[in-house]
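K.L.:
So that we are looking at the same thing, I have put the structure below in structure tokens.
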Amino acid sequence: MRGFATRAVHTPKLEPQDGTPIAPLLDLSSTYAFDDPERFAEASVAKVGSGYVYARWANPTVDAFKAAVADLEGGDEGEGFSSGMAAISAVFLALCSQGDKIAAVRQLYGNTYSLLSTRLPRYGIETTFFDHDDLEAARAASQGARLLYCETIGNPRVQVNDVPALAAIAAEAGIPLVVDNTFASPVLCRPIEHGASIVIHSATKYLGGHHDLLGGVIVCGAPEMDKIRAVSRDLGPTMAPLSAWLGIRGIATLELRVLRSSATALAVAESLQAHSDVEAVYYPALESDPSKSLADKLLGGRGGGTMGFEVSGGRERTARFQEALRLVTPAASLGGSHSLLVHAASVTHTQLTAAELGAAGIAEGFCRLSIGLEDPNDLIEDLHQALEASREMT
Numbered sequence: 022m023r024g025f026a027t028r029a030v031h032t033p034k035l036e037p038q039d040g041t042p043i044a045p046l047l048d049l050s051s052t053y054a055f056d057d058p059e060r061f062a063e064a065s066v067a068k069v070g071s072g073y074v075y076a077r078w079a080n081p082t083v084d085a086f087k088a089a090v091a092d093l094e095g096g097d098e099g100e101g102f103s104s105g106m107a108a109i110s111a112v113f114l115a116l117c118s119q120g121d122k123i124a125a126v127r128q129l130y131g132n133t134y135s136l137l138s139t140r141l142p143r144y145g146i147e148t149t150f151f152d153h154d155d156l157e158a159a160r161a162a163s164q165g166a167r168l169l170y171c172e173t174i175g176n177p178r179v180q181v182n183d184v185p186a187l188a189a190i191a192a193e194a195g196i197p198l199v200v201d202n203t204f205a206s207p208v209l210c211r212p213i214e215h216g217a218s219i220v221i222h223s224a225t226k227y228l229g230g231h232h233d234l235l236g237g238v239i240v241c242g243a244p245e246m247d248k249i250r251a252v253s254r255d256l257g258p259t260m261a262p263l264s265a266w267l268g269i270r271g272i273a274t275l276e277l278r279v280l281r282s283s284a285t286a287l288a289v290a291e292s293l294q295a296h297s298d299v300e301a302v303y304y305p306a307l308e309s310d311p312s313k314s315l316a317d318k319l320l321g322g323r324g325g326g327t328m329g330f331e332v333s334g335g336r337e338r339t340a341r342f343q344e345a346l347r348l349v350t351p352a353a354s355l356g357g358s359h360s361l362l363v364h365a366a367s368v369t370h371t372q373l374t375a376a377e378l379g380a381a382g383i384a385e386g387f388c389r390l391s392i393g394l395e396d397p398n399d400l401i402e403d404l405h406q407a408l409e410a411s412r413e414m415t
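Going from the sequence shown to the working numbering is simple: count from 1 and add 21.
And the structure:
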């Protein structure tokens with residue numbers, strides 16, 4: 022008999038039994054064994070698609086998640102990442118080199134804007150920005166660029182970008198259109214169907230849906246994916262198997278959650294629009310919103326589960342408003358079961374200068390509100406009481 026320590030490490034191998042698990046399996050192994058040295062060598066050269074060798078290269082649970090997202094987006098292949106920003110960075114680094122240029126919508130998530138405007142220039146990659154509604158500027162910026170970048174629904178002002186028009190501009194320039202589809206999710210929009218080449222998600226948001234995972238995912242064709250996977254292998258922004266497992270669980274209820282939050286968001290937006298202490302409401306499904314026609318064309322008339330609004334009285338009044346909330350939670354992130362609110366200028370877009378905030382349309386009193394799964398009447402009541410309480414506090 023082998024020694025105690027050996028038996029503690031090499032536990033008995035159980036015989037497989039009939040019965041297929043309904044829930045996805047969670048594989049936490051960081052490395053995998055091969056009985057055949059030649060197969061081990063072949064799989065090590067291939068890295069993916071020829072057996073599991075090392076979890077930074079491929080993992081069964083992550084493979085299941087990325088395949089699910091690729092299927093929902095209508096794309097050829099997917100790849101998981103440790104965060105949405107890791108996925109975005111991988112695309113830029115895979116497609117661009119020193120001396121290259123990116124064309125991008127100006128109205129973007131704060132960290133994405135910072136990556137493009139501050140970080141990448143240190144490596145010789147510059148970005149030409151254009152306003153989301155200026156297609157001629159987009160066409161000019163795309164000349165000589167390596168890629169064209171936008172968000173389906175902009176963060177945080179929730180303007181809908183004209184993905185088909187931008188795809189046509191990218192095609193004219195002979196470059197890929199890269200779309201961050203986080204806010205819309207594949208429930209409301211599938212950018213590949215409108216001509217996009219690469220789709221990115223922060224899986225932390227709607228795909229996960231429960232505020233308990235951190236991850237990102239990219240969907241695209243094989244030529245681009247080969248370059249993206251090479252970056253992933255070299256830099257190691259690998260998706261954790263537990264995050265992938267939670268993502269698979271989240272996707273099962275994705276449609277239910279997105280449709281519910283979209284319906285609630287419209288009711289909340291209409292309520293805030295009628296409130297005297299709210300200067301402006303931004304939500305694509307509102308009849309008065311400049312993005313309404315694009316929301317009808319791209320999002321099936323829905324606006325998603327995230328909206329924006331401006332509280333009268335600027336930053337100080339907005340701080341008192343946040344303090345008075347009882348149900349809506351002041352917190353970063355979005356797309357989950359709980360309704361979350363952030364003051365964009367001091368949280369999600371704190372990297373931007375005053376001039377950049379102005380160019381992005383982010384006022385001092387602007388708040389981003391992610392609608393969760395609560396009763397819409399309870400959310401409306403909480404927002405209204407907080408607005409009234411903040412008036413008395415200032």
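All C-beta atoms, glycine included, are put in the ideal place defined by N, C-alpha and C.
1. Since residue 397 and residue 289 should fall inside the 8 Å C-beta cutoff, what is the C-beta to C-beta distance between them, to a whole number of angstroms?
2. Contact check, residue 202 vs residue 179 under 8 Å by CB: the rounded distance?
3. What's the gap between the Cα of residue 270 and the Cα of residue 92?
4. For residue 31, name the three-state secondary structure that DSSP assigns.
5. For residue 63, does the three-state DSSP call read helix, strand or coil?
6. If I measure Cβ to Cβ from residue 162 and keep anything under 7 Å in the same chain, skipping five residues before and after, which residues do I get?
7. So that I know if they touch, is there some Cβ in chain B lying closer than 8 Å to that of residue 333?
8. Out of 39, 80, 108 and 113, state which residue places its alpha-carbon closest to the alpha-carbon of residue 48.
9. Please go through the same chain and pick out, in chain order, the residues whose beta-carbon is closer than 6 Å to the beta-carbon of residue 3, but skip the five residues on each side of it.
10. With a floor of 3 residues, list each beta strand (DSSP E) that falls wholly inside the stretch 160-206, ordered by position along the chain.
11. Entirely within the stretch 243-328 and at least 4 residues each: give me those alpha helix (DSSP H) ranges in chain order.
12. So if DSSP puts residue 75 in a beta bridge, which residue, or which two residues, is it bridged to?
13. Can you tell me the Cβ-Cβ gap for residue 208 and residue 169, rounded? I've got them flagged as a contact below 8 Å.
14. Just to confirm the assignment, what range does the alpha helix (DSSP H) spanning residue 131 have?
15. Quick one, which of 90, 76, 287 and 298 has its alpha-carbon nearest residue 306's?
16. Give me the residue from 57, 265, 365 and 153 with the minimum Cα distance to residue 103.
17. Going by C-alpha distance, which of 338, 413, 24 and 45 is nearest residue 86?
18. How should residue 25 be labelled, buried or exposed, when 16 other C-beta atoms within 10 angstroms of its C-beta is the threshold for buried?
19. Report buried or exposed for residue 212, applying the criterion of at least 16 other Cβ atoms within 10 angstroms of its Cβ.
20. Cα separation between residue 251 and residue 117?
21. What is the DSSP secondary structure of residue 347, counted as helix, strand or coil?
22. In chain order, what residues of the same chain lie with their CB nearer than 7 Å to the CB of residue 167, ignoring the 5 residues before and after it?
23. Residue 275 and residue 227 - do their beta-carbons sit closer together than 8 Å?
24. So, for residue 185: in the same chain, excluding its five sequence neighbours on each side, which residues have a beta-carbon less than 7 Å away from its beta-carbon?
P.N.:
Inspection of the coordinates gives the following:
1. In this structure, residue 397 and residue 289 form a Cβ contact; the two beta carbons are roughly 6 Å apart against a cut-off of 8 Å.
2. With a Cβ gap of about 14 Å, residue 202 and residue 179 do not count as contacting.
3. Answer to the nearest angstrom: the Cα atoms are 15 Å apart.
4. Three-state result, residue 31: coil.
5. In this structure, residue 63 counts as helix in the three-state DSSP scheme.
6. The answer, listed in chain order, is 124, 149 and 151.
7. The structure shown contains no chain B; it is built from a single protein chain.
8. Among 39, 80, 108 and 113, the Cα nearest to that of residue 48 is on 80.
9. Beyond the ends of the chain as shown, which are 22 and 415, falls residue 3; an answer cannot be given.
10. For secondary structure counted as the beta strand (DSSP E) over 3 or more consecutive residues, the stretch 160-206 holds these complete runs in sequence order: 168-172 and 198-201.
11. Counting whole runs of 4 or more residues, the stretch 243-328 contains the alpha helix (DSSP H) stretches 243-256, 262-272, 275-294 and 313-319.
12. In the DSSP assignment, residue 75 is bridged to 52.
13. No, residue 208 and residue 169 are not in contact; Cβ-Cβ is about 24 Å, not under 8 Å.
14. Here the alpha helix (DSSP H) through residue 131 covers 131-135.
15. Ranking the options by Cα distance to residue 306, first place goes to 287.
16. Measuring from the Cα of residue 103, the nearest candidate turns out to be 265.
17. Residue 45 is the option with its Cα nearest to residue 86.
18. Burial call: exposed.
19. Label assigned to residue 212: buried.
20. When rounded, the distance between both Cα atoms is 13 Å.
21. In the displayed model, residue 347 falls within coil according to three-state DSSP, outside both helix and strand.
22. Cβ neighbours of residue 167 within its own chain (closer than 7 Å, five residues either side excluded): 116, 117, 121, 122, 123 and 196.
23. Taking 8 Å as the Cβ cut-off, residue 227 and residue 275 qualify as a contacting pair.
24. Close CB contacts of residue 185 within its chain, under the 7 Å cut and outside five residues either way in sequence, are with 215 and 216 (chain order).
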